Structure formats: C-alpha cells, structure tokens
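Here the sequence shown stands for residues 1 to 308, where the numbers follow full-length UniProt numbering.
From the three backbone atoms N, C-alpha and C, an ideal C-beta is built for every residue, glycine too.
Quick caveat, the model's predicted, so the values are computed rather than measured.
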Amino acid sequence: EYWTKIKEQVAVSSSGGVVSPELVPMQMSVLGDLPGVTSTVYWDDAARCWDEIQDTLETDEKGVIAATIATHLKSSDLAIDFGCGGGRYLCTLARNCTSVIGIDISRRMLEISRNVIEREGLTNVRLRCADLGNADILAKLSLPSADFAVCANVLISPDPVTRSNILAASAATLRPGGKLFLVLPAVSSAINIRKQHARWVVERRRRGYKRQGKLEAGEIQSVADEKQGVFCRGGVRTKHFRKSELRAVLKDAGLSDLLCTERVSNDIALAHPRSPTHPPHPSAPPPSPTHPPHLSSKVQSLHFSLAP
Numbered sequence: 001e002y003w004t005k006i007k008e009q010v011a012v013s014s015s016g017g018v019v020s021p022e023l024v025p026m027q028m029s030v031l032g033d034l035p036g037v038t039s040t041v042y043w044d045d046a047a048r049c050w051d052e053i054q055d056t057l058e059t060d061e062k063g064v065i066a067a068t069i070a071t072h073l074k075s076s077d078l079a080i081d082f083g084c085g086g087g088r089y090l091c092t093l094a095r096n097c098t099s100v101i102g103i104d105i106s107r108r109m110l111e112i113s114r115n116v117i118e119r120e121g122l123t124n125v126r127l128r129c130a131d132l133g134n135a136d137i138l139a140k141l142s143l144p145s146a147d148f149a150v151c152a153n154v155l156i157s158p159d160p161v162t163r164s165n166i167l168a169a170s171a172a173t174l175r176p177g178g179k180l181f182l183v184l185p186a187v188s189s190a191i192n193i194r195k196q197h198a199r200w201v202v203e204r205r206r207r208g209y210k211r212q213g214k215l216e217a218g219e220i221q222s223v224a225d226e227k228q229g230v231f232c233r234g235g236v237r238t239k240h241f242r243k244s245e246l247r248a249v250l251k252d253a254g255l256s257d258l259l260c261t262e263r264v265s266n267d268i269a270l271a272h273p274r275s276p277t278h279p280p281h282p283s284a285p286p287p288s289p290t291h292p293p294h295l296s297s298k299v300q301s302l303h304f305s306l307a308p
C-alpha cells in the first residue's frame, strides 16, 4: 500500500543545465548507520534477487501509478528517476517523454537497468551512479533541470537526515512548475500486515500445524521505531508514512500545490499469477496456513482527491 503524491515545485531550481558524465564515483562504499549515508552494500546485494522484489507498477491493482504518470508527464518532458533500481519505472518514463535520466547508488542495479533498456530498444535513457543521501551530490552531478521526477520507494531509510537529503536533491532538480511523483509505504499497510499475520498464526493453531517459531514470530519491532513510523520489512528497518506526516515533510522541503494523492492497492498475485508460493487472497476460504500473510496480502484501495 503506497501513498502517491504529485507536487508542484514553485521555487526556482538551483540546478544547472550541464549534462555531467554518465557515471559519477559513489560517495561511500561500506555498510554503516551514519546520518546521510546510504548503503551500497545493501543495494548491491538486493540486485541479486531483484526479480523477487515487489514491482509496484506491476502489482498496482487498478493501474493508478501508471495512469498518474501518463496524466502528468508530457512527451516533451525531461524526466529523472531518483533511485531507479532495476529500471522498472525507466521504461514507462522513456516511452512517454523525450529524455530520461536514471540515478541509483548501486552499480549492480544500474547494470540490470542497462540490460532492460537495451532489451526494450530504448535510446533516450542515461544512467548515473551516485549516493542521493549525500547532501553535496547535486553539485557533483550537475543535473539538468527536470520537468518530472520520480522517487519510488526511495524515501524509506530509517534515518531522517538521509531521507531529507534525498528529497531535497529530488526537489532541487525541478524546473519552476516541475512535478515530483513519490511512491511511499504507508503506516496503515504495516499495521494491516501485522493484524493479518496474527490471524494467520491463529489459523495455523486451529488446524493443528506444527509450530514454526521463527516464521510465526513475525517481524521484531521496536516501540521507539514504531512511533517514528519505522517498521521492519524482511528484517530491514523501513520508514512508513502517515498522510499528515507526509504533507508536513513536503511542505518543509519547499514543495506546494498538491495535485493529487492516491492510496494504491497492491496485489502481489498480479506479479506471480501462477506461482505456488503466492497463495490466494486471505479472505478467500480456506485461508492458507502454510504461507505468512506478507506474501499474500491484498490491501483494499482508498481514494483521495484534493484540488490543486
């Protein structure tokens, strides 16, 4: 479940129009928990199992994300995908605008993106490697001003300094009137998964299945983290957002004129329609007692529309 936001950037962009070399040396290369630092080790490792990571475009049950991009992206636009990962958004952007720049901290992720771009025959995409959590990265990149920027599941670091740096970098690249599109995990989604997990454990007990301590225990969660909207996903501390909090964060970043906000319903079965490891929707009888609900949860959609 993801909040998607479109924001107008009113302030004059401070970025220049000079195109920098394709690759910029990464600002850090070791794992750490320092403010403003992102782990290249973590994302390089994630690239090895990229196909197993949920694709928010593919699992978007009602196609809200793709439709929103198509509505607000013009054919003449220059778009930047901050944290492009394996290139899932790059293809959608490249087919709908003149030029696209994809930026990611992981060279392995960028190799996946490069392969996708070549396979799809896209010639209007450039890739750059950089740590967006570094406050000085914009000066090193010298990015051209963007008409449209995407930041999909990138503002998820538990460290507020890192999140602030990434959002500031994304916003600063926009030309006056440019639009920033955010995809973020919602707090309500994490809470919903926890409730489903509890029901799943009860169902296993009712059916007499052998106890599996580690699987049934769920995610280990810190009370202090939870108050900050940080929940564990697969053992990784991940920032989730409430709508009121997100509005305040965007306002502090100098973004204004909210165009729309949607809560997106994601169905993991859409990405794995024939996979036996992804059971039916938990509301369909009988529920599966052998797979935890984070593999099968389908969050019902709520829609919000605010006037610009």
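Cut-off 7 angstroms between Cβ atoms - residues of its own chain near residue i, not counting five sequence neighbours on either side
i: residue 124; result: 94, 98, 99, 100
i: residue 168; result: 253
i: residue 170; result: 82, 149, 151, 180
i: residue 11; result: Note on residue 11: pLDDT 34, under 50, position unreliable in the model; the coordinate value appears next. Correct list, in chain order: 254.
i: residue 114; result: 127
i: residue 23; result: Interpretation of residue 23 is limited by its pLDDT of 29, a score under 50 that renders its predicted location unreliable; the figure taken from the coordinates is listed afterwards. The residues are 128, 129.
i: residue 35; result: Annotation note: pLDDT 41 at residue 35 (below 50); position unreliable, coordinate value reported separately. The residues are 159, 161, 162.
i: residue 251; result: none
i: residue 220; result: 232
For residue i, the first and last residue of its enclosing beta strand (DSSP E)
i: residue 79; result: 78-82
i: residue 99; result: 99-104
Best match in the options for proximity to residue i [C-alpha to C-alpha]
i: residue 197; options: 233, 174, 162, 103; result: 233
i: residue 90; options: 57, 200, 71; result: 57
i: residue 84; options: 64, 210, 66, 107; result: 107
i: residue 111; options: 265, 128, 187; result: 128
i: residue 73; options: 142, 147, 237; result: 147
i: residue 130; options: 103, 244, 117; result: 103
i: residue 235; options: 222, 249, 227; result: 222
i: residue 323; options: 88, 77, 78; result: Since the first residue shown for the chain is 1 and the last is 308, residue 323 is missing from the structure and cannot be characterised.
i: residue 159; options: 78, 242, 237, 69; result: 237
i: residue 126; options: 137, 135, 141; result: 141
i: residue 143; options: 208, 80, 189; result: 80
i: residue 200; options: 175, 256, 216; result: 216
i: residue 176; options: 261, 92, 86, 256; result: 256
i: residue 174; options: 138, 191, 212; result: 138
i: residue 227; options: 92, 191, 68, 172; result: 191
i: residue 249; options: 211, 210, 155, 178; result: 155
i: residue 178; options: 195, 208, 145; result: 145
i: residue 262; options: 136, 135, 185; result: 185
8 angstroms Cβ shell around residue i - same chain, five flanking residues per side excluded
i: residue 157; result: 38, 133, 163, 166, 239
i: residue 75; result: 96, 97, 98
i: residue 229; result: 187, 239, 240, 241, 242, 245
i: residue 70; result: 96
i: residue 119; result: none
i: residue 92; result: 57, 66, 69
i: residue 210; result: none
i: residue 26; result: A caution first: residue 26 carries a pLDDT of 28, below 50, which makes its placement in the model unreliable, though a value can still be read off. So the qualifying residues of the chain are 40, 105, 107, 129, 130, 131.
Limits of the unbroken alpha helix (DSSP H) element including residue i
i: residue 67; result: 64-72
Own chain residues within Cβ distance below 6 angstroms of residue i, not counting five before or after
i: residue 218; result: 197
i: residue 122; result: 94
i: residue 225; result: none
i: residue 77; result: 97, 147, 148
i: residue 205; result: none
i: residue 116; result: 87
i: residue 195; result: none
Any non-hydrogen atom of the ligand FMN within 7 angstroms of residue i CB
i: residue 250; result: Looking at this structure, you won't find the ligand FMN or any other ligand, since it has none at all.
is_contact[residue i, chain D] using C-beta, thresh 8 angstroms
i: residue 107; result: Chain labels in this structure do not include chain D; a single protein chain is all it has.
**OP:** Could you name each continuous beta strand (DSSP E) segment of 3 residues or more that falls completely within the region 185-244, going from the start of the chain to the end?
**Re:** Runs found: 230-233, 236-239.
Original post:
If you scan the UniProt domain "Methyltransferase" (80-178) from start to end, which runs of the beta strand (DSSP E) of 3 or more residues do you find wholly inside it?
Top reply: You should have 99-104, 125-129, 146-152.
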